[in-house]
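**Student:** Just so you know, my numbering puts 116 at position 77 of the sequence shown, and the rest follows in order with no gaps.
I'd like to ask some things about the structure below.
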Amino acid sequence: MVLLRKNNPQKINLQTAAELSAEGFSKMSRLVVRRTKALWQDRVRDYTIFVDGNEVGRIGNDTKAIIQVEPGAHTVCLKIDWCHSPEVKVLISPGETVHLECGPNANPFLVLFYIAFWKDKYIWLRQAHGSIL
């Protein structure tokens with residue numbers, strides 16, 4: 040859309056609200072974290088999501104979280120109490136959506152071992168293949 044002023048015949052380019060919205064939406068990047076369904080381990084407890092060391096949300100059993108992020112390199116980690124996942128590094132382009140999936144590593148028989156010795160591997164976290172929306 041072009042606007043011509045009556046007193047000043049310079050062309051001024053204007054964008055409609057829809058164009059602005061579409062442009063802004065296309066530049067936003069998203070991180071989608073999907074937590075698999077656990078039958079027993081951590082079923083009623085949420086994991087805390089950290090991006091670049093900052094808490095950005097929580098995710099419950101068999102749910103997903105959608106997080107708006109700036110384009111660029113990010114480090115993602117999930118925590119519960121004093122246990123956590125390994126850090127996963129992702130590179131997100133403008134307008135891109137990166138999918139991650141997570142779940143508990145420990146089974147009922149090894150949970151104490153994970154809590155005591157493998158605190159940094161208690162939760163598994165990896166980049167998902169294909170869209171899981």
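Built from N, CA and C at the ideal position, the CB exists for glycine as well.
Could you check the C-alpha separation between A167 and E140 for me, to the nearest Å?
**Tutor:** Taking the sequence shown and counting its residues from 1, one reaches residue 167 at position 128. Taking the sequence shown and counting its residues from 1, one reaches residue 140 at position 101. So the two alpha carbons sit approximately 6 Å from each other.
**Student:** Identify the residues that DSSP records as bridge partners of E254: which are they?
**Tutor:** No statement about residue 254 is possible, as the shown extent of the chain runs from 40 to 172 and does not include it.
**Student:** Would you mind working out which of D81, I88, W79 and Q80 sits nearest V127, comparing C-alpha positions?
**Tutor:** Mapped onto the sequence shown, residue 127 falls at position 88. Answer by Cα proximity: I88.
**Student:** DSSP three-state label for A104, please.
**Tutor:** Against the sequence shown, residue 104 aligns to sequence position 65. Three-state result, A104: strand.
**Student:** What's the C-alpha gap between V83 and C116?
**Tutor:** Mapped onto the sequence shown, residue 83 falls at position 44. Mapped onto the sequence shown, residue 116 falls at position 77. Going from the Cα of V83 to the Cα of C116 covers about 20 Å.
**Student:** Out of curiosity, what's the CA-to-CA distance linking L94 and Q80?
**Tutor:** One-based indexing of the sequence shown puts residue 94 at position 55. One-based indexing of the sequence shown puts residue 80 at position 41. Before going on, a small fix: residue 94 reads as Glu here, not Leu. Each residue's Cα considered, the two are about 23 Å apart.
**Student:** What did DSSP end up calling A112 once you bin it into helix, strand or coil?
**Tutor:** Residue 112 sits at position 73 when you count from the first residue of the sequence shown. In this structure, A112 counts as strand in the three-state DSSP scheme.
**Student:** Determine, using beta carbons only, whether N144 and W163 come nearer to each other than 8 Å.
**Tutor:** Reading the sequence shown from its first residue, position 105 is the one you call residue 144. Reading the sequence shown from its first residue, position 124 is the one you call residue 163. The answer is yes: Cβ separation under 8 Å.
**Student:** Please report how far the alpha carbon of L78 lies from the alpha carbon of L130, in whole angstroms.
**Tutor:** Within the sequence shown, the letter at position 39 stands for residue 78. Within the sequence shown, the letter at position 91 stands for residue 130. If you take the alpha carbons of L78 and L130, they lie about 32 Å apart.
**Student:** Below 8 Å on the Cβ atoms is my guess for D101 versus K118; work out the distance and round it to an integer in Å.
**Tutor:** Working through the sequence shown from its first residue, we reach residue 101 at position 62. Working through the sequence shown from its first residue, we reach residue 118 at position 79. No, D101 and K118 are not in contact; Cβ-Cβ is about 19 Å, not under 8 Å.
**Student:** At what residues does the beta strand (DSSP E) containing R97 begin and finish?
**Tutor:** The residue you call residue 97 lines up with position 58 of the sequence shown. Note, R97: beta strand (DSSP E), N93 to I98.
**Student:** In whole angstroms, what separates the C-alpha of G111 from that of S124?
**Tutor:** Counted from its first residue, the sequence shown places residue 111 at position 72. Counted from its first residue, the sequence shown places residue 124 at position 85. So the two alpha carbons sit approximately 21 Å from each other.
**Student:** Which word fits A155, buried or exposed, when buried means at least 16 other C-beta atoms lie within 10 angstroms of its C-beta?
**Tutor:** Here residue 155 is taken as the residue at index 116 of the sequence shown, counted from 1. A155 is exposed by the Cβ-count criterion.
**Student:** Measuring CA to CA, which of D85, V137, Y86 and K103 is closest to E109?
**Tutor:** In the sequence shown, the residue the question calls residue 109 occupies position 70. Among D85, V137, Y86 and K103, the Cα nearest to that of E109 belongs to V137.
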